[in-house]
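Asks: My questions all concern the structure below.
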Amino acid sequence: MVWAIVGHQYTQDTKFKDVHVRLTQAFAELVACSIKGCIHMADRQLNKLAGYIMEQQEVDASDSDDENSQNTLFF
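Position 75 of the sequence shown, counting from 1, maps to 80 under this note's numbering, and the rest follow consecutively.
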């Protein structure tokens, strides 16, 4: 978020000192609710990813069980 604010001001003539001043100002103007919103969005994405991974693991385990039962010899 901060980099987006600072990045919009970037030109070919921008110096490191300019970036430092702009970053300092952007961080000073940052409000807590913006940070909290970013954290909540990241949490939602991570929870979605965790759910997807769990589903894939269940599918893989189910496929493995099916293969094992098909390869079992009965006497």
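Using N, Cα and C, we set each Cβ at its ideal position, and we do this for glycine too.
Within 10 angstroms of its Cβ, does valine 11 collect 16 or more other Cβ (buried), or is it exposed?
Replies: Burial call: buried.
Asks: Does the Cβ-Cβ distance between glutamine 17 and arginine 27 come in under 9 Å?
Replies: Cβ distance not < 9 Å, so glutamine 17 and arginine 27 don't count as in contact.
Asks: State the start and end residues of the unbroken alpha helix (DSSP H) segment that holds lysine 1.
Replies: Nothing can be reported for residue 1: it is not among the residues displayed for the chain, which extend from 6 to 80.
Asks: When the Cα atoms are used, what is the spatial distance from glutamate 60 to leucine 35?
Replies: The straight-line gap from Cα to Cα measures roughly 38 Å.
Asks: Would a check of beta-carbon distances place arginine 49 closer than 9 Å to chain D?
Replies: This model lacks chain D altogether; it includes just one protein chain.
Asks: Cα separation between isoleucine 58 and valine 7?
Replies: Their Cα atoms are separated by approximately 31 Å.
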